[in-house]
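Engineer: Residue numbers (the working numbering): 33 to 331.
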Ligand code: SF4
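Structure (structure tokens):
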């Protein structure tokens, strides 16, 4: 079978940096309890691998970041690549925890911009995903004046006074954001807009858009990962079937019957070994081949 990989795909600079920060922290402090608020990056296999280094992720679904932080009483807390609100930072300081901030610099850039525009008395429209940690980390800094916009309907429901500043979560879909921005421009013609989809997200989405005609496309990544989910949505109409998988183990061999050309892409938080294993399996695939076990090599 011919296999085409979208280039680039997989780890971005922010994810590589966050993982290196966590590993270094463990190396330098072998005995210290180390906690991560949430998932360091959105991939459960990375979370499990960090867990094996005794770096514990606190990520209960129904708890807020603040509630999770309440449970950490000693040692080091690492803030994930998605960033945290100022209140979380303050609380960790009050608790006397050592803070290690692995927030991606691209997220910090939007956070700084929002802060600056708030200080000038502006209202903020922030295009993002509800309950996503990156959006939460920004909106919670001032819920009265930072308004989360998830779609055009949200724009229509807003009633804010000028001046208005508009920005967005870094991992949004570059094909969907323009529609929301158009609605904002129509309702708030004087709004100042700074579209901040990060380069890593944009390049991975473009790579998927430019794939040749395919019988099937595998998008490798974690369902929590916003940029992974968006990759599949960027595929062009020449891709017949799209499958979201977390590892090679999720491949259903019946999907491969008659497939001559398959594509593979991976989210920015997907370990290289996971998507490489998918590529190798597809390249050598013969009917009735069993799906192998997922590789153990993650970090
Ligand atoms: S996807 Fe973009 S914003 Fe998110 S960690 Fe990677 S480089 Fe940073």
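We put the beta carbon where it would ideally sit given N, CA and C, even for glycine.
Between the region 97-104 and the region 77-84, are three or more C-beta pairs nearer than 8 Å?
Structural biologist: In short, these stretches do not touch, since the Cβ pair count stays below three.
Engineer: List the endpoints of the continuous beta strand (DSSP E) containing residue 36.
Structural biologist: 34-37 is the extent of the beta strand (DSSP E) around residue 36.
Engineer: Could you pull the DSSP bridge partners for residue 298 from this structure?
Structural biologist: The partner list for residue 298 (beta bridge, DSSP) reads 252.
Engineer: Could you pull out every residue in the same chain whose Cβ sits closer than 7 Å to the Cβ of residue 44, ignoring the five residues on either side in sequence?
Structural biologist: Result list for residue 44: 232 and 300, in chain order.
Engineer: Can you give me the Cβ contacts of residue 211 inside the same chain, cut-off strictly under 7 Å, excluding the 5 residues immediately before and after it?
Structural biologist: Within the same chain, residue 211 has close Cβ partners 184.
Engineer: Would you decide whether residue 284 is buried or exposed? Buried here means 16 or more other CB atoms lie within 10 Å of its CB.
Structural biologist: Exposed is the call here.
Engineer: Quick one: give me the first and last residue of the alpha helix (DSSP H) that residue 186 is part of.
Structural biologist: Segment 184-189, the alpha helix (DSSP H) holding residue 186.
Engineer: Which residue comes first and which comes last in the beta strand (DSSP E) that contains residue 90?
Structural biologist: Element bounds for residue 90: 87-90.
Engineer: Does any heavy atom of ligand 1 sit closer than 8 Å to the C-beta of residue 231?
Structural biologist: Indeed, a heavy atom of ligand 1 lies less than 8 Å from the Cβ.
Engineer: Checking 9 Å against the spacing of the C-beta atoms, do residue 149 and residue 111 come in under that value?
Structural biologist: Taking 9 Å as the Cβ cut-off, residue 149 and residue 111 do not qualify as a contacting pair.
Engineer: If you follow the alpha helix (DSSP H) that residue 77 is in, where does it begin and where does it stop?
Structural biologist: Per DSSP, residue 77 belongs to the alpha helix (DSSP H) from 76-84.
Engineer: Unbroken alpha helix (DSSP H) runs of length 4 or more, entirely within the region 153-219: which are they?
Structural biologist: With a minimum length of 4 residues, the continuous alpha helix (DSSP H) runs that stay inside the region 153-219 are 165-171, 184-189 and 209-219.
Engineer: Could you give the C-beta distance for residue 178 and residue 202, rounded to a whole number, given that I count them as a contact under 8 Å?
Structural biologist: Contact doesn't hold; Cβ gap of about 16 Å is too wide.
Engineer: Could you tell me the distance, in whole angstroms, from the CA atom of residue 51 to the CA atom of residue 72?
Structural biologist: When rounded, the distance between both Cα atoms is 7 Å.
Engineer: Measuring from the CB of residue 264, is there a heavy atom of ligand 1 at a distance below 8 Å?
Structural biologist: Answer for residue 264: no, Cβ out of range of ligand 1.
Engineer: Would you mind sorting residue 269 into buried or exposed? The rule is 16 or more other CB atoms within 10 Å of its CB.
Structural biologist: Exposed.
Engineer: So the alpha helix (DSSP H) residue 123 belongs to, where does it begin and stop?
Structural biologist: Unbroken alpha helix (DSSP H) run through residue 123: 118-126.
Engineer: Quick check: the region 52-66 against the region 238-250, are at least 3 beta-carbon pairs closer than 8 Å?
Structural biologist: Touching, no, given that fewer than three Cβ pairs across the two stretches are closer than 8 Å.
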